[in-house]
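A.B. asks:
In the numbering used here, the protein residues as written are 40 to 468.
#1: Within 10 angstroms of its Cβ, does residue 203 collect 16 or more other Cβ (buried), or is it exposed?
#2: Among 274, 326, 207 and 297, which has the Cα closest to the Cα of residue 228?
#3: Could you tell me the distance, in whole angstroms, from the CA atom of residue 166 to the CA atom of residue 43?
#4: Which same chain residues, not among the five before or five after residue 224, have their C-beta less than 6 Å away from its C-beta?
#5: Suppose the cutoff is 8 Å on Cβ atoms and the five residues either side in sequence are ignored; what does the same chain contact list for residue 393 look like?
#6: Should residue 63 go down as buried or exposed, given a rule of 16 or more other Cβ atoms within 10 Å for buried?
#7: Grab the span of the beta strand (DSSP E) containing residue 29 for me, first residue to last.
#8: Suppose the cutoff is 6 Å on Cβ atoms and the five residues either side in sequence are ignored; what does the same chain contact list for residue 342 look like?
#9: Quick one: grab the DSSP three-state call for residue 405.
#10: If you draw a straight line from the alpha carbon of residue 326 to that of residue 354, how long is it in whole angstroms?
#11: Going straight from the alpha carbon of residue 162 to that of residue 305, what length do you get?
#12: If you run the structure through DSSP and keep just helix, strand and coil, what is residue 434?
#13: From the DSSP output, in three-state form, read off residue 203 for me.
#14: So the alpha helix (DSSP H) residue 251 belongs to, where does it begin and stop?
#15: Give the straight-line distance between the Cα atoms of residue 141 and residue 292, rounded to the nearest whole angstrom.
#16: What do you get for residue 400, buried or exposed, if any count of 16 or more other CB atoms within 10 angstroms of its CB means buried?
#17: So is residue 316 buried or exposed if we call it buried at 16+ other beta carbons inside 10 Å?
#18: Thinking residue 139 and residue 176 are a contact (beta carbons under 8 Å), I'd like their distance in whole angstroms, please.
#19: Can you give me the C-alpha to C-alpha distance between residue 173 and residue 279, rounded to a whole angstrom?
#20: Over what stretch of residues does the alpha helix (DSSP H) that includes residue 184 continue unbroken?
#21: Taking just the CA atoms, how far does residue 445 sit from residue 420?
#22: Given this structure, state the Cα-to-Cα distance separating residue 441 from residue 349, to the nearest angstrom.
#23: Taking 6 Å as the limit between beta carbons, can you name the residues of its chain near residue 296, skipping five residues before and five after?
#24: Whose CA, out of 423, 397, 432 and 398, lies closest to the CA of residue 409?
#25: Helix, strand or coil for residue 106? Go by DSSP, reduced to three states.
#26: With H, G and I counted as helix, E and B as strand and the rest as coil, what does DSSP make of residue 338?
#27: Starting from the C-beta of residue 395, find all residues in its chain whose C-beta is less than 6 Å away, skip the five residues before and the five after it, and write them out in chain order.
#28: When every heavy atom of the ligand MN is checked, does at least one fall within less than 7 Å of the C-beta of residue 184?
#29: Measuring straight from C-alpha to C-alpha, what distance separates residue 188 and residue 133?
#30: Here's a check: name, in chain order, each residue in its chain whose Cβ is nearer than 8 Å to the Cβ of residue 373, leaving out the five neighbours to either side.
#31: Based on the DSSP secondary-structure assignment, which residues constitute the bridge partners of residue 222?
#32: Do the region 59 to 73 and the region 103 to 115 make contact, defined as three or more Cβ pairs closer than 8 Å?
#33: Cutting at 6 Å between CB atoms, please list the residues of its own chain near residue 244, excluding the five before and the five after it.
#34: Is there contact between the region 249 to 266 and the region 281 to 291, where contact requires at least three CB pairs shorter than 8 Å?
#35: In terms of residue numbering, what span does the alpha helix (DSSP H) encompassing residue 379 cover?
#36: If we ignore side chains and look at the alpha-carbon of each, how far apart do residue 453 and residue 274 end up?
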């Protein structure tokens, strides 16, 4: 089928590249000319394992191309996916300005029937808003359908998640739109849940908020563990064997970040408020998450007494491994706090440094972890990159001024770290 994907960020680029790899003819659209030039040259503007191989294959088979011309994409596509960003406003509401702008551009270019699919995470009833605006701008002269098709991919494993979905959710208002979207997803062998627009929109928010809740729950349990002498990793393992609970998302640490969980929890709270429901449970989820940063700082102060003039090395800047995404990364909050307290901060991350430099220009960045730790008073682990799990602790100990490790992701063995002479502090251990 002929598809277009408007917005080539983390969601849009993976969507476009994967659809092309499945045999569809895909046009990726973005108003950022520099980004489009890079994509036309086969270079990905984001770090996502496997994405450049998909881009190369799509170009080789002439199934994937990129443009800044939205009108062209609308004319040449049967189905149009909207994948632009919806960041949080200070109120917690999702900023749908980019979605509205795309809807207006689509309306101006619409000549024949199209299915317009919101794939960005948007507040409930956004589909209705898109439909109303296009109707106003076209006067109802051109037939179209609006659909909701939320994505459930994880940065760092987005291509695998896209190609092996647990389920596909399609919110539609007509049988014609349903048939077309079933054709789009024909190669997939998984449950397809067909709903109305509002239900599909809420499934996305409810899913992300629930996963965030699991993380905050285990972090709250970790705080109890610290007070009673229990190990939260073993508690989580014991819980996870229960099939009703499961082990996923029960990793205690410095808290969740990224572009989805913080934004979607805040947006869901606002959606519920506007509907007349006080979603205090999710408000507490966010509060617990924010408190984990303060707990990590407290562990550092317990070991170093004061932070002023101490040299602290942060290993891991991205909000999770296998991505360069710094949006809502715990490292940003932690480093800003360290700098305010007068610490000298060094940092290393295998891929996120370019993005981190724009956010944290006062940090000293290093090309490898051991040099970053030379002469440090403490090492703080904030991203569970695999290479950090294999750190040579003897070498690390020999380089540091003070042997202090604060493990914000519980990736090291406490007994092993202490056996090498470290003061080790984990989260709930």
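Ideal Cβ placement from N, Cα and C applies to all residues, glycine included.
Computed from a predicted structure; not experimentally measured.
C.D. replies: The structure says:
#1: The residue in question, residue 203, is exposed, as its Cβ has fewer than 16 Cβ neighbours within 10 Å.
#2: If we check each option's Cα against that of residue 228, 207 comes out closest.
#3: 18 Å
#4: 207
#5: 363
#6: buried
#7: Past the boundaries of the shown model lies residue 29; the chain is included only from 40 to 468, so the question cannot be answered.
#8: 443 and 462
#9: In the structure shown, residue 405 sits in coil (DSSP, three-state: anything other than H, G, I, E or B).
#10: 25 Å
#11: 11 Å
#12: helix
#13: coil
#14: Looking at the DSSP string, the run of the alpha helix (DSSP H) that includes residue 251 is 236 to 267.
#15: 38 Å
#16: exposed
#17: exposed
#18: In fact, because the Cβ distance is near 11 Å, the residues do not count as touching under 8 Å.
#19: 47 Å
#20: That residue, residue 184, is in no alpha helix (DSSP H); its beta strand (DSSP E) goes 183 to 187.
#21: 6 Å
#22: Rounded to the nearest angstrom, the two C-alpha atoms are 10 Å apart.
#23: Excluding residues within five positions, the ones whose Cβ falls inside 6 Å are 358, 367, 368 and 369.
#24: 432
#25: strand
#26: helix
#27: 356 and 365
#28: Summarising the ligand content, the structure contains no ligands, and the ligand MN is consequently not present.
#29: So the alpha carbons of these two residues sit roughly 17 Å apart.
#30: So the qualifying residues of the chain are 293, 332, 335, 336, 353, 419, 421 and 447.
#31: In DSSP, residue 222 forms no bridge with anything.
#32: Judged by Cβ distances under 8 Å, the region 59 to 73 makes contact with the region 103 to 115, as three or more pairs qualify.
#33: 303 and 307
#34: yes
#35: 369 to 379
#36: 16 Å
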